[in-house]
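Structure first, then comments.
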Amino acid sequence: MKAITFHGVGDVRAERVPDPKVVDPTDVVLRITTGAICGSDLHQYHGRGGTLVETGAVMGHEFMGMVEAAGPEVREVRVGDRVVAPFSISCGRCEWCLRKLPTQCSTTGRAVFGGRFGKVFPGGQAERIRVPFADYLCEKVPADMSDEDALFLGDILSTGYACAENGSIRPGDTVAVFGAGPVGLLAMQSAQLFGPARVFAVDRVGYRLALAEEFGAEPMNLDRGDPAAELRALTGGRGPDVVLECVGHEVPFTQAIEAVRAGGTVSSVGVYVEPSMGFPAREAFFKDLSLKMGICNARNYMRPLLPLVRNGKLTPARIVTHTIGLDEAPRGYAIFDRKEDRAIKVMLKP
Ligand SMILES: [Zn+2]
Ligand SMILES: [Zn+2]
């Protein structure tokens, strides 16, 4: 089959690789109908975060498709079902999965499709993929939902929603979202479900801020100066009640803590690739703030969020800017990485 493989920093290629097969009796093999390139794929693309994925490894953890083959112990899904899976691979049975922390699964060693930690499983930027623990991981998609609407349940929509939920937004609150990339934009959509009076979108990419505005956010261009000072100025000197950090770098994380009001909440879902960074501990301490951060346990959100998408309360497909063939994925990585051609979300059609 055809797949996108890693060959070194900045070098991904469309190549022929062996077709996946059912290995364990709880596996399925999907024929992928839609995949996507994620911001965290760019970390691998740049070799950030220490270990590189192996040369020739199949990339990607955002995908959905049709069950083409199922192992003898698969009960919940059958051949022909249309399903979406989360980005992380978990067994559904270990202590961590039972604690509703499937990203911490000890059976797979916190594995991610196409990732480099824990057990290695080929990714979903391909024509087919092996999905282990299929009964736990696969969520059936109703026939009336498009791939574009369903796909993001497996990662970026669940991540954006979890970020907003962890912010404990109350009706009438002021919320600031740092980062207007795919996750930040979906965090803004999700934040609106909690009834904030105002949502600010903080970024420096004009076309992304324009979409944030369509999602009801007030754009704040970072080029105007210190966003924490600006946010305080715009909120009568107090700062937003909730800050959602969707970038994953020291600077926006620090600015989020500086911006939030006393007793407010900072919720962070940006993927931090550096092992440590500066933390404004004194400011956080004297502000009595709440901090929630971490990798999203997307499996927990897929089923509850599905009806919100199906009924138009969340419209994740609006962030899609490019739909290209799998062969063109190397170009997709390049434009997404450089924010060229107004790229926000690049979808891949095998
Ligand atoms: Zn992702
Ligand atoms: Zn587990």
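Add 17 to a position in the sequence shown, counting from 1, and you land on the number used in my numbering.
Backbone N, C-alpha and C fix where the C-beta goes; we use that ideal spot for every residue, glycine too.
Just so we're clear, the structure is a prediction, and the values are computed from it rather than from any experiment.
Q.
Applying the 10 Å Cβ sphere with the 16-neighbour rule, what's the burial state of residue 294?
A. exposed
Q. How would you call residue 160, buried or exposed, if buried means at least 16 neighbouring beta carbons within 10 angstroms?
A. exposed
**Q.** Bounding residues of the beta strand (DSSP E) (the contiguous stretch that carries residue 82)
**A.** It spans 79–87 - the beta strand (DSSP E) in which residue 82 sits, taken as one unbroken run.
Q: Please write down, chain order preserved, every residue whose beta carbon lies under 7 Å from a heavy atom of ligand 2.
A: 107, 108, 109, 110, 111, 113, 114, 119, 122, 123, 124 and 125
Q. Are residue 250 and residue 236 touching if we call contact CB-CB under 8 Å?
A. no
(Q) Let me check you understand the geometry: is the CB of residue 104 closer than 7 Å to at least one non-hydrogen atom of ligand 1? (A) Yes, since a heavy atom of ligand 1 falls inside the 7 Å radius drawn around the Cβ of residue 104.
Q) Is residue 155 near ligand 1, in the sense that its beta carbon is under 7 Å from a heavy atom of that ligand? A) no
Q | Proximity of residue 283 and residue 290 at Cβ, strictly below 8 Å | A | By the CB criterion at 8 Å, residue 283 and residue 290 fall outside the cutoff.
Q: Identify every run of the beta strand (DSSP E) within the stretch 93–163, keeping only runs that are complete inside it and at least 3 residues long; order them along the chain.
A: 99–101 and 145–148
Q: Write down the C-beta distance between residue 372 and residue 29 rounded to the nearest angstrom, noting that I regard them as a contact closer than 8 Å.
A: Shown here, the chain extends from 18 to 367; a query on residue 372 therefore has no answer.
Q.
Is residue 307 near ligand 1 - that is, is its Cβ less than 7 Å away from at least one heavy atom of it?
A. no
Q) Mind checking whether the beta-carbon of residue 79 lies closer than 7 Å to any heavy atom of ligand 1? A) yes
Q | Helix, strand or coil at residue 236 according to DSSP, with G and I counted as helix | A | strand
Q | Residues bridged to residue 330 (per DSSP) | A | BP columns for residue 330 are empty, so no partner.
**Q.** Contacts around residue 49, its chain only, beta-carbon distance under 8 Å, and the 5 residues preceding and following it disregarded
**A.** Excluding residues within five positions, the ones whose Cβ falls inside 8 Å are 80, 81, 82, 141, 143, 144, 145, 146 and 367.
Q.
I want to check one thing, is the minimum distance from the CB of residue 55 to the heavy atoms of ligand 1 below 7 Å?
A. yes
**Q.** Length of the line joining the Cα atoms of residue 192 and residue 239
**A.** The straight-line gap from Cα to Cα measures roughly 16 Å.
Q) Does ligand 1 have even one heavy atom less than 7 Å from the beta-carbon of residue 21? A) no
(Q) Given 7 Å as the limit, tell me if residue 2 has its C-beta closer than that to any heavy atom belonging to ligand 1. (A) What is shown of the chain runs 18 to 367, which leaves residue 2 out entirely.
Q. What whole-angstrom Cβ distance do residue 91 and residue 100 have, given they're in contact under 8 Å?
A. With a Cβ gap of about 11 Å, residue 91 and residue 100 do not count as contacting.
Q: Indicate whether residue 337 and residue 364 have their beta-carbon atoms separated by less than 8 Å.
A: yes
Q: Mind reading off the beta-carbon distance from residue 169 to residue 109? Whole number of angstroms is fine, and I expect it under 8 Å.
A: That pair is no contact at about 22 Å.
Q) Anyone know if the C-beta pair for residue 23 and residue 68 falls short of 8 Å? A) no
Q: Could you name the residues of the same chain whose beta carbon sits closer than 6 Å to that of residue 98, not counting the 5 residues immediately before and after it, in chain order?
A: Excluding residues within five positions, the ones whose Cβ falls inside 6 Å are 84 and 157.
Q.
For the alpha helix (DSSP H) containing residue 293, name the first residue and the last one.
A. Boundaries cannot be given for residue 293, as no alpha helix (DSSP H) includes it and DSSP labels it neither H nor E.
Q: Output the residue ranges of the beta strand (DSSP E) runs that lie fully inside the stretch 191–248 and measure 3 residues or longer, sorted by chain position.
A: 191–195, 215–220 and 235–238
(Q) What does the alpha-carbon distance come out to for the pair residue 105 and residue 77? (A) In a straight line, the C-alpha of residue 105 is about 11 Å away from that of residue 77.
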